[in-house]
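Engineer: What follows is a single structure, and I will ask about it in a moment.
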Amino acid sequence: MSLLSSTSQQAKHQQLGLGDEKLVAMYSHMLTARMFDERLMLMQRAGKINFHVSGIGQEVAQVAAAYALDRDNDYFLPYYRDYGFVLSVGMTLRELFLSAFAKAEDPNSGGRQMPGHFGSKRLRIVTGSSPVTTQVPHAVGFALAAKMKKKNFVSFATFGEGSSNQGDFHEGSNFAAVHKLPVILMCENNQYAISVPVHKQVAGKISDRALGYGMHGERVDGNDALEVYRVVKEARDRAINGEGPTLIEAMMYRLSPHSTSDNDLAYRTKEEVDHHRALDGLPRFRMYIEELGLWNEELERELREEIKKQLDEASNYADKAPFPTPESVLDHVYADTRKEEKH
Amino acid sequence: MPTMSYIDAIRTAMMEEMDRDENVFVLGEDVGVKGGVFTTTKGLYEQFGEERALDTPLSESAIVGAAIGAAMYGMRPIAEMQYSDFMFPATNQIISEAAKIRYRSNNDWNCPVVIRAPIGGGVFGGLYHSQCPESVFFGTPGLKIVAPYRPYDAKGLLKAAIRDEDPVLYFENKKSYRLVSGEVPDEDYIVEIGKANVLREGDDITVIGYSLPLRFIEQAAEELAEEGISTHILDLRTIQPLDKEAILEAVRRTGKVLIVHEDNKTGGVGAEVAAIIAEELLFELDAPIMRLCGPDVPAMPINPPGEKFFLLNTEKVKAAMKQLAEF
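This is the structure we're talking about:
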């Protein structure tokens, strides 16, 4: 986990096919996700919204993974901390705020689900739920459809290391490997499942489980954007070439409490959090693009101003937007629900 | 009209739908090369290839979960649960996922999956090859649940389920596979989900049921007719959503009602049917609502006297019907 040296890494990002503009765009998405997350934490504390579940500390891997995928064709099954990911595949801040305020216009669920439960058919973000890891078999189903219909897309699912103990993770992984399906499973190992640390969740490495399923498995430093990009891109190439699924374990740290309802200092120390804050991939990536001459203090200030403006606009819009009507609770149980009663 | 067994009707429905629409496929344990442990999918592998008669790992939650994913993409999967007793590992996928996908996405996504599962005892299957799990899923909005009795309905409801835009649980009775046969037309048809069917018209008592017990009810009605008791029989066919109008109409006809199913009594479908009748028709009844169901024990045993004690048959049904008629 040495700091990136510009000479070797310059060659690296070019080898990976990442142009300068892409690097800056990635950084912009990482910072947007971070500032959005911080804003929502503040808004919850101020009583403007009821609840927020944070992804601070995980944005670098999320954004890098998204950029390594085909953002026009692949199907995405993110989990509830993936703000950086969904922003990178096209969800707007306005849409995220509409979800946070549970407003009718929220494209994720029409104000029905908790924030972080993403879904948008337009963006091929598959609707998710709260029982964890149910999305892994769904990703396998999308990949099965890709294989049957001979389409060049992959499905990409994320989940936490605690979730990797659920039956659906194991059943889905095995199914995908047996049928050599184009699925990428990325565990965002942030060291905690609410309060339970990783050593009480798993005795081994999550990436090693891939061996048992007969698929490629790889552990990667989730704070290293280029490494995550490389690993996901290679996984995608294998998937498209008919070589089956990949299990990626991206190592990171959940810098925030589990959610706004959680006091994390009841089970971990401030020193531990501070230690990991120093390893945060976001300033590290900034330093990298600065060393390339693509970024500086002035550009940083401008970007932060711009994001702040966007956050204000999106937040104001969502705050003023109407809630769903009470009776809309009855809508969309089935395809034909309430059609007759409406006319 | 040609006569067909119940299992042939199910198989024919799948074959015709797979032929009609290349997005339709079957996945499950032993559904490919072997053609299913009951031969329900026999011939599909040969006709449509291994991808569309897909042998899966032994893993019910992944079978249903992968089917859900494929359905959200736009496929029309039929997920087979080898026995409904083995369906419970997939319950989270069915109740938390399939049932809620349209609702939780505010109509953005939908999940047109069919989950077929054999129910019922009488095959010396013991506790875990005999259960009727309808009541576990009944009362979960977002799911449609059908349980056909006649081969005609088995075929027509399966075709309707495959074409439906929402998840459908299709409970087929394994004892009926070869025991029950009936007329099934050659031409393409569907039986609309949500519509009950009058199997027999009568004036003295009404019996409401679904699946195999209707066979005992029909036989008992035949025998009771000779004793001068006239029976009106309603086959629910779909147990969710219930055909409320048909239930009320059937009860109004005689003022006396017996509700029958093999699933155990407490919290069963019959409890809801009884509640609907009590809410709407209490003062038109000439007798208390009666139910005849499986006993409230975990499941039926494998030993023959025990299995016989648990199961319904013509004698038990006839005795209950007679008791109601004489009230």
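Read top to bottom, the protein sequences are chains U and P. Mapping the first sequence onto the numbering used here, position 58 (from 1) lands on 58, and the numbers just tick up by one. Mapping the second sequence onto the numbering used here, position 171 (from 1) lands on 171, and the numbers just tick up by one. The C-beta atom is built at its ideal place from N, Cα and C for all residues, glycine as well. Since the structure is predicted, the reported quantities are computational estimates derived from the model, not experimental observations.
1) Report yes if the CB atom of glycine 116(U) is closer than 9 Å to the CB atom of valine 196(U), and no otherwise.
2) How should methionine 1(P) be labelled, buried or exposed, when 16 other C-beta atoms within 10 angstroms of its C-beta is the threshold for buried?
3) Quick check on this structure: which residue in Gly242(U), Glu305(U) and Pro78(U) has the alpha carbon closest to the alpha carbon of alanine 146(U)?
4) Within 10 angstroms of the Cβ of arginine 304(U), are there 16 or more other Cβ atoms? Answer buried if so, exposed if not.
5) Report all residues from its chain with a CB closer than 6 Å to the CB of valine 180(P); omit the five preceding and five following residues, and keep chain order.
6) Does lysine 144(P) have its Cβ less than 9 Å from a Cβ in chain U?
7) Where does serine 315(U) sit, in a helix, a strand or coil, going by DSSP?
8) Which whole-angstrom value describes the C-beta separation of tyrosine 149(P) and aspartate 235(P), a residue pair presumed to lie in contact below a C-beta threshold of 8 Å?
9) Check this for me: beta carbons of leucine 44(P) and arginine 11(P), under 9 Å apart or not?
10) Methionine 114(U) versus chain P: which residues are under 7 Å apart at the beta carbon?
11) Pick from Ala271(P), Pro133(P) and Asp263(P): whose alpha carbon is nearest that of valine 257(P)?
12) List the residues of chain U whose Cβ lies closer than 8 Å to the Cβ of glutamine 93(P), in chain order.
13) What's the gap between the Cα of leucine 16(U) and the Cα of leucine 69(U)?
14) At a CB-CB cut-off below 9 Å, which residues of chain P make contact with methionine 91(U)?
15) Whose CA, out of Asn107(P), Ala147(P) and Pro298(P), lies closest to the CA of threonine 266(P)?
16) In terms of residue numbering, what span does the beta strand (DSSP E) encompassing methionine 251(U) cover?
17) If we count the other Cβ atoms within 10 Å of its Cβ and call it buried at 16 or more, is tyrosine 27(U) buried or exposed?
18) According to DSSP, is glutamate 341(U) helix, strand or coil?
19) In three-state DSSP terms, what is isoleucine 239(P)?
20) Leaving aside the five residues before and after phenylalanine 216(P) along the sequence, list all residues of the same chain whose C-beta is less than 7 Å from its C-beta, in chain order.
21) When you compare only the Cα positions, how much space is there between histidine 138(U) and glutamate 262(P)?
22) Taking the alpha carbon of valine 321(P) as the point to measure from, which residue in Ala278(P), Ile239(P), Ile208(P) and Ile302(P) has its own alpha carbon closest?
23) Where valine 89(U) and serine 130(P) are concerned, what is the direct C-alpha to C-alpha distance, given to the nearest angstrom?
24) Have a look at Thr206(P), Glu201(P) and Val269(P) and flag the residue whose alpha-carbon is nearest the alpha-carbon of isoleucine 145(P).
25) Against chain U, which members of the stretch 56–82 of chain P pass a CB distance test of less than 9 Å?
26) Using a Cβ-Cβ cut-off of less than 8 Å, list which residues of the stretch 90–114 of chain P approach chain U; keep chain order.
27) Is DSSP giving phenylalanine 25(P) helix, strand or coil here?
28) Measure from the C-beta of histidine 343(U) to each C-beta in chain P and report whether the shortest distance is under 9 Å.
29) Can you tell me whether aspartate 221(U) is buried or exposed? The criterion is at least 16 other CB atoms within 10 Å of its CB, across all chains shown.
30) Could you pull out every unbroken alpha helix (DSSP H) segment of at least 4 residues lying fully inside the stretch 94–177 of chain P, listed in chain order?
31) Below 7 Å between beta carbons is the criterion; list the residues of the stretch 150–169 of chain P that meet it against any residue of chain U, in chain order.
32) For the alpha helix (DSSP H) holding isoleucine 277(P), just list the boundary residues, first then last.
33) For the structure I just gave you, are there three or more beta carbon pairs, one from the stretch 273–291 of chain U and one from the stretch 223–238 of chain U, closer than 8 Å?
34) Alpha carbon to alpha carbon, how far is alanine 13(P) from tyrosine 170(P)? Give it in angstroms, no decimals.
35) Say whether chain P places a C-beta atom closer than 9 Å to the C-beta of methionine 41(U).
36) Can you find the residues in the same chain that come closer than 6 Å, C-beta to C-beta, to glutamate 95(U), ignoring five residues on each side of it along the sequence?
Structural biologist: The structure says:
1) What you label residue 116(U) is simply residue 116 of the first sequence in a count that begins at 1. What you label residue 196(U) is simply residue 196 of the first sequence in a count that begins at 1. No, these two residues do not count as a Cβ contact at 9 Å.
2) Translated into the one-based positions of the second sequence, residue 1(P) becomes position 1. When all chains shown are included, methionine 1(P) counts as exposed.
3) The residue labelled residue 146(U) in the question sits at position 146 within the first sequence. Closest by alpha carbon: Gly242(U).
4) Indexing the first sequence from 1 puts residue 304(U) at position 304. Its Cβ having fewer than 16 others within 10 Å, arginine 304(U) is exposed.
5) Walking along the second sequence from the start, residue 180(P) turns up at place 180. Here the set comprises Tyr6.
6) On the second sequence, position 144 is the one that residue 144(P) refers to. Closer than 9 Å: yes.
7) As a working note, residue 315(U) is residue 315 in the first sequence. Helix at serine 315(U).
8) For this step, residue 149(P) is matched to residue 149 along the second sequence. For this step, residue 235(P) is matched to residue 235 along the second sequence. Right, their Cβ atoms sit about 5 Å apart.
9) Residue mapping note: residue 44(P) aligns to position 44 of the second sequence, counting from 1. Residue mapping note: residue 11(P) aligns to position 11 of the second sequence, counting from 1. Closer than 9 Å, so yes.
10) Working through the first sequence from its first residue, we reach residue 114(U) at position 114. Result: empty, since nearest Cβ-Cβ is about 10 Å, beyond 7 Å.
11) Position 257 of the second sequence, counted from the first residue, corresponds to residue 257(P). The option with the nearest alpha carbon to valine 257(P) is Ala271(P).
12) Locating residue 93(P) in the second sequence gives position 93, where the first residue counts as 1. Correct list: Thr134, Pro137 and Asp168.
13) As a first step, residue 16(U) must be located in the first sequence, where it is residue number 16. As a first step, residue 69(U) must be located in the first sequence, where it is residue number 69. Those two C-alpha atoms are separated by around 13 Å.
14) Taking the first sequence and counting its residues from 1, one reaches residue 91(U) at position 91. What methionine 91(U) touches in chain P: nothing, since even the nearest Cβ is about 13 Å away.
15) As a working mapping, residue 266(P) is identified with position 266 in the second sequence. Of the listed residues, the one whose Cα sits closest to threonine 266(P) is Pro298(P).
16) Residue mapping note: residue 251(U) aligns to position 251 of the first sequence, counting from 1. Its beta strand (DSSP E) spans residues 246–251.
17) Sequence index remark: in the first sequence, residue 27(U) carries index 27 (1-based). That one is buried.
18) By 1-based counting over the first sequence, the position of residue 341(U) is 341. With a pLDDT of only 46 at glutamate 341(U), under 50, the local geometry of the prediction cannot be trusted, and the value read off the model is given with reservation. Reduced to three states, the DSSP call for glutamate 341(U) is helix.
19) Position 239 of the second sequence, counted from the start, is the residue given in the question as residue 239(P). Strand.
20) In the second sequence, counting from the first residue as 1, residue 216(P) sits at position 216. Contacts found: Leu312, Asn313, Thr314 and Val317.
21) Here the question's residue 138(U) lines up with position 138 in the first sequence. Here the question's residue 262(P) lines up with position 262 in the second sequence. Approximately 33 Å between the Cα atoms of the pair.
22) Within the second sequence, numbered from 1, the residue matching residue 321(P) stands at position 321. Residue identity check: residue 321(P) is methionine in the sequence provided, not valine. Taking only the C-alpha atoms, the option nearest methionine 321(P) is Ile208(P).
23) Sequence index remark: in the first sequence, residue 89(U) carries index 89 (1-based). Sequence index remark: in the second sequence, residue 130(P) carries index 130 (1-based). Their backbone Cα atoms lie some 48 Å apart in a straight line.
24) Indexing the second sequence from 1 puts residue 145(P) at position 145. Per the Cα distances, Val269(P).
25) Thr56, Pro57, Ser59, Glu60, Ser61, Ala62, Ile63, Val64, Gly65, Ala66, Ala67, Ile68, Gly69, Ala70, Ala71, Met72, Tyr73, Gly74, Met75 and Pro77
26) Asn92, Gln93, Ser96, Glu97, Lys100, Ile101, Arg102, Tyr103, Arg104, Ser105, Asn106, Asn107, Asp108, Trp109 and Asn110
27) Numbered from its first residue, the second sequence carries residue 25(P) at position 25. Residue state, collapsed to three classes: strand.
28) Stepping through the first sequence from its first residue, residue 343(U) is reached at position 343. Only weak support is given to the placement of histidine 343(U): the predicted model assigns it a pLDDT of 38, under 50, and the value that follows is read from those uncertain coordinates. Chain P contact via Cβ: absent.
29) For the purposes of this step, residue 221(U) is taken as the residue at position 221 of the first sequence. Counting Cβ neighbours within 10 Å, aspartate 221(U) comes out buried, since at least 16 surround it.
30) 101–104, 134–137 and 151–163
31) Glu165 and Asp166
32) Counted from its first residue, the second sequence places residue 277(P) at position 277. Element bounds for isoleucine 277(P): 269–281.
33) yes
34) Locating residue 170(P) in the second sequence gives position 170, counting from the first residue. Locating residue 13(P) in the second sequence gives position 13, counting from the first residue. Cα to Cα, tyrosine 170(P) sits roughly 13 Å from alanine 13(P).
35) Counted from its first residue, the first sequence places residue 41(U) at position 41. Not closer than 9 Å to any Cβ of chain P, the Cβ of methionine 41(U) fails to qualify, so no.
36) Position 95 of the first sequence, counted from the first residue, corresponds to residue 95(U). Here the set comprises Pro107.
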